[in-house]
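Per UniProt numbering, the very first residue in the sequence shown carries number 1; after that it's consecutive.
Working notes for the structure below.
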Amino acid sequence: MNWESSTSPQLQPESASQSPPDLQQQKSPVLRKSRQSPGSACEECRRRKLRCDRRTPSCGVCTATGVICHFTATRSERGPKRGHLKQLQQRMGMFHRIDSEPVHHSVYKVQSTLDNFKMDKIQFLSPEGIEPLLDSPPTEPQLLMSVTEVPMWMREELDQLYFDRVHVFAPILHQGRYMEWSRQRVKSEAKSALQYTMWTLAASFSGQLQHVASAFYHEARSRVDLQMLGDNVIDEIEIENLQACILLVMHESITSYDERGWLRAGYAFRLVQRMRLYEIDAPSSPRLAACEDWVVVEERRRMFWMAYCLDRFLSMRDGRPLTLIEHLISTRLPAPEAEFQSGQRIDMELLSTAITSGGPRLTSPFAECIMTTTVCGRAVIHHYQTSLENTFTHDSSNFHDRHEWIHNTITQRINILSFNTPKFTENSDPMFLFTRILASTTALYLYHTLSLTSSDLISEDDMSPFPDYGHAALLEAQEMVHLANILNKVNSFKIHPFTHIPLSLCVDICNTYRDRDGAICAKLQEVFHTLRNLTWVNSLGEKLQQVLGGSI
């Protein structure tokens with residue numbers, strides 16, 4: 001891997017190690033402000049799930065659409081109406097009984113041949129097709145359709161839950177555009193698959209509706225799988241198809257379907273390559289970049305970067321090669337969330353420029369997570385490459401350049417994070433909190449790589465830039481203790497679903513140093529002890545407990 005090509009002359013050890021007082025002399029472009037204006041949203045904006053500016057007598061949305069703007073002082077209580085939840089639980093119990101009975105002709109049965117398989121022969125009931133509850137148990141052919149009968153109140157609740165709790169970790173959808181097409185009676189198969197995948201994640205992030213997540217998952221999975229087998233998957237790829245696939249991988253990665261999610265991720269990454277989302281802003285790709293609808297282009301940019309991060313998260317977890325190569329990317333970083341949702345065009349930097357730019361240039365939580373994920377991915381690859389050099393080639397001529405670039409860049413990202421968020425609390429942005437955990441893990445992993453490298457292969461000159469790296473690693477381990485204590489106070493639904501991945505790297509480090517560096521290992525054990533005592537509501541708790549169970 002060519003590490004020198006990504007090294008910028010702006011990035012030097014002196015600039016990377018700037019102290020926070022030096023950074024404060026530079027003006028930060030990020031202003032803290034409330035997410036919404038005071039007061040209640042109008043009825044039209046609430047119905048369409050749009051952000052209301054609360055202007056009277058008519059808000060901006062109602063003025064633009066020509067609708068009468070009406071504000072209501074009293075609001076009905078959110079959640080299911082009386083009796084609906086009990087009725088749904090009875091139906092779910094019936095489905096579980098049917099599922100436990102032996103079935104000789106399953107709707108998921110694979111045919112002996114797929115030569116005559118036709119997508120147009122399979123019909124799904126639309127989510128709007130709500131039928132009264134049947135008194136008798138459904139027959140097997142009706143089972144798949146019955147699961148899709150989602151009451152209106154549940155659809156609205158799940159949509160709101162998704163944008164409240166899931167969107168912050170996967171900001172790939174434009175809320176206004178989704179609400180516009182989600183109420184259409186006739187949808188494409190890709191949009192229906194996306195909708196069920198969103199409901200699956202929303203239900204898994206809910207305390208009251210978590211018991212229906214499994215039913216939604218099987219429905220979403222069947223629809224996404226049928227999209228993968230469709231005849232038109234190569235000729236025309238809808239962006240909703242890729243969005244549904246990525247969100248389903250996200251759900252499978254935090255549940256017990258790791259291998260299934262990894263295989264599905266491979267299909268999603270090939271779709272990204274097939275759609276050439278990695279070169280949206282390249283001069284040779286003017287079709288998307290010149291599109292008049294900036295929101296459409298930005299949604300595809302965000303889709304690429306979500307797949308890019310997912311590729312690196314899975315590689316960190318499993319030690320498998322990357323699919324989306326960093327050095328071929330000519331797609332700009334995602335715009336801030338407010339500009340994206342409001343449709344206000346803004347041109348961002350390319351990753352290669354932004355990741356090495358000096359000063360407190362924090363654009364958005366998503367963009368900062370992308371840059372930190374990139375550095376962490378390089379640190380993991382650097383570790384494996386060094387291990388191979390120690391074992392086979394006995395040539396470490398590129399070790400110093402790789403290690404210095406990662407060291408300087410992650411130090412710079414940590415300084416920028418510290419400048420913009422001097423003190424993390426339980427009310428901090430969940431994406432920033434995850435990014436800070438990822439940054440500390442990267443610094444610890446660099447020390448892990450440095451200490452495992454044979455002294456015969458690295459000269460004293462190569463080690464001279466890192467004389468106090470052990471002390472720096474100990475400080476980052478102490479920071480991990482602080483971050484773990486914050487996680488202990490955070491609602492479990494606000495913890496990033498991939499938090500177990502950097503923690504798994506910390507488990508590897510702790511198991512390596514339990515006999516050599518007791519100070520770092522003791523700090524990490526304190527982190528693990530704190531997280532084991534967390535109270536979890538969703539499946540992320542099981543995933544974290546599984547990872548922490550590997551620590552000695």
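In this text, a Cβ means the ideal position worked out from N, Cα and C, and glycines have one as well.
These figures come from a predicted structure and were not determined experimentally.
Limits of the alpha helix (DSSP H) - the one that S418 falls within: Counting from one through the sequence shown, the residue named residue 418 turns up at place 418. DSSP places S418 inside the alpha helix (DSSP H), whose first and last residues are 399-420.
- request: Using alpha carbons as the reference points, say which of N488, I501, Y278, L85 lies closest to S315.
  value: In the sequence shown, counting from the first residue as 1, residue 315 sits at position 315. The shortest C-alpha separation from S315 is found at I501.
Next item on the list: Determine the closest residue to residue 564 out of T353, A41, M480, with distance taken between C-alpha atoms.
Entry: Since the first and last residues shown for the chain are 1 and 552, residue 564 lies out of range.
- Message: Going by DSSP in three states, V375 sits in which element: helix, strand or coil?
- Response: To locate residue 375, count along the sequence shown from 1; it is residue 375. Helix.
Does the Cβ of S397 have 16 or more other Cβ atoms within 10 Å, making it buried, or fewer, making it exposed? As a first step, residue 397 must be located in the sequence shown, where it is residue number 397. Exposed, by the Cβ-count rule.
* Asked: On the three-state DSSP scale, how would you describe D293?
  -> Against the sequence shown, residue 293 aligns to sequence position 293. Correct three-state label for D293: coil.
Q.
Report the CB separation of V295 from R183 in whole angstroms; it is logged as a contact under 8 Å.
A. As a first step, residue 295 must be located in the sequence shown, where it is residue number 295. As a first step, residue 183 must be located in the sequence shown, where it is residue number 183. Contact between V295 and R183 does not hold, since their C-beta atoms are separated by about 18 Å, which reaches or exceeds 8 Å.
Closest to R532 by C-alpha separation, out of Q546, I520, A522, C521, would be which residue?
Against the sequence shown, residue 532 aligns to sequence position 532. Sorting Q546, I520, A522, C521 by C-alpha distance to the C-alpha of R532 places Q546 at the top.
Exercise for the section: Excluding the 5 residues preceding and the 5 following A484 in the sequence, name in chain order all residues of the same chain whose CB lies nearer than 6 Å to its CB. Expected result: What you label residue 484 is simply residue 484 of the sequence shown in a count that begins at 1. V527, T530, L531, listed in sequence order.
Worksheet entry | Length-filtered (4 minimum) alpha helix (DSSP H) runs lying within the stretch 299-387 | Here the runs fully enclosed are 337-342, 351-354.
Nearest candidate by alpha-carbon position, reference E180, set A170, P171, Q195 = As a first step, residue 180 must be located in the sequence shown, where it is residue number 180. Shortest Cα-Cα distance from E180 to any of A170, P171, Q195 involves Q195.
- prompt: What separation, rounded to the nearest whole angstrom, lies between the Cα atoms of N420 and F434?
  reply: Here the question's residue 420 lines up with position 420 in the sequence shown. Here the question's residue 434 lines up with position 434 in the sequence shown. C-alpha separation (whole angstroms): 15 Å.
_Residue from V212, T197, V186, P57 whose Cα sits closest to the Cα of L85_ = If you number the sequence shown from 1, residue 85 lands on position 85. For the set V212, T197, V186, P57, the Cα lying nearest the Cα of L85 is the one of V212.
Q: Please state whether DSSP places L50 in a helix, a strand or coil.
A: The residue given as residue 50 occupies position 50 in the sequence shown. Residue state, collapsed to three classes: coil.
**Item:** Terminal residues of the alpha helix (DSSP H) in which H529 lies
**Value:** Along the sequence shown, one-based indexing puts residue 529 at 529. Boundaries of the alpha helix (DSSP H) around H529: 518-532.
- Item | Cut-off 6 Å between Cβ atoms - residues of its own chain near F493, not counting five sequence neighbours on either side | Reading the sequence shown from its first residue, position 493 is the one you call residue 493. Once the five neighbours on either side are set aside, the close Cβ partners of F493 are R165, F205.
**Study point:** Pairwise C-alpha distance: Y257 and V249
**Key:** Indexing the sequence shown from 1 puts residue 249 at position 249. Indexing the sequence shown from 1 puts residue 257 at position 257. The C-alpha of V249 lies about 9 Å from the C-alpha of Y257.
> By a C-beta neighbour count over all protein chains shown, 10 Å radius and 16 as the cutoff for buried, is H70 buried or exposed?
Replying inline: Sequence index remark: in the sequence shown, residue 70 carries index 70 (1-based). Residue environment for H70: exposed (fewer than 16 other C-beta atoms within 10 angstroms of its C-beta).
query = Which residue's Cα is closest to the Cα of R402: R378, S387, E389?
reply = In the sequence shown, counting from the first residue as 1, residue 402 sits at position 402. That would be R378, whose Cα lies nearest to the Cα of R402.
message: If you follow the alpha helix (DSSP H) that S192 is in, where does it begin and where does it stop?
response: What you label residue 192 is simply residue 192 of the sequence shown in a count that begins at 1. For S192, the enclosing alpha helix (DSSP H) covers residues 189-204.
Residue span of the alpha helix (DSSP H) that contains Y267, given as start and end | In the sequence shown, residue 267 corresponds to position 267, counting from 1. Residues 258-274.
Quiz prompt | Same chain, Cβ closer than 8 Å to T453, neighbours up to 5 away in sequence not counted | solution = Here the question's residue 453 lines up with position 453 in the sequence shown. Cβ neighbours of T453 beyond the five flanking positions: T386, N390, S396, F399.
Taking Cβ to Cβ, would you say H407 is nearer than 8 Å to T449? Counting from one through the sequence shown, the residue named residue 407 turns up at place 407. Counting from one through the sequence shown, the residue named residue 449 turns up at place 449. No, the pair does not count as a contact, with Cβ atoms beyond the cut-off.
_Taking 7 Å as the limit between beta carbons, can you name the residues of its chain near P171, skipping five residues before and five after?_
Taking the sequence shown and counting its residues from 1, the one referred to as residue 171 is at position 171. Answer for P171: R302, E337, F366, listed in chain order.
Shortest alpha-carbon distance to M275 belongs to which of F304, E339, A477? Residue 275 sits at position 275 when you count from the first residue of the sequence shown. Measuring from the Cα of M275, the nearest candidate turns out to be F304.
Report task. Using beta-carbon positions only, say whether G266 and S253 come within less than 8 Å of one another. Result -> Within the sequence shown, residue 266 is the residue found at index 266, counting from 1. Within the sequence shown, residue 253 is the residue found at index 253, counting from 1. No, they are not a contact pair.
Reducing DSSP to helix, strand and coil, say where C69 ends up. As a position in the sequence shown, residue 69 is number 69, starting the count at 1. C69 falls in the coil class under three-state DSSP.
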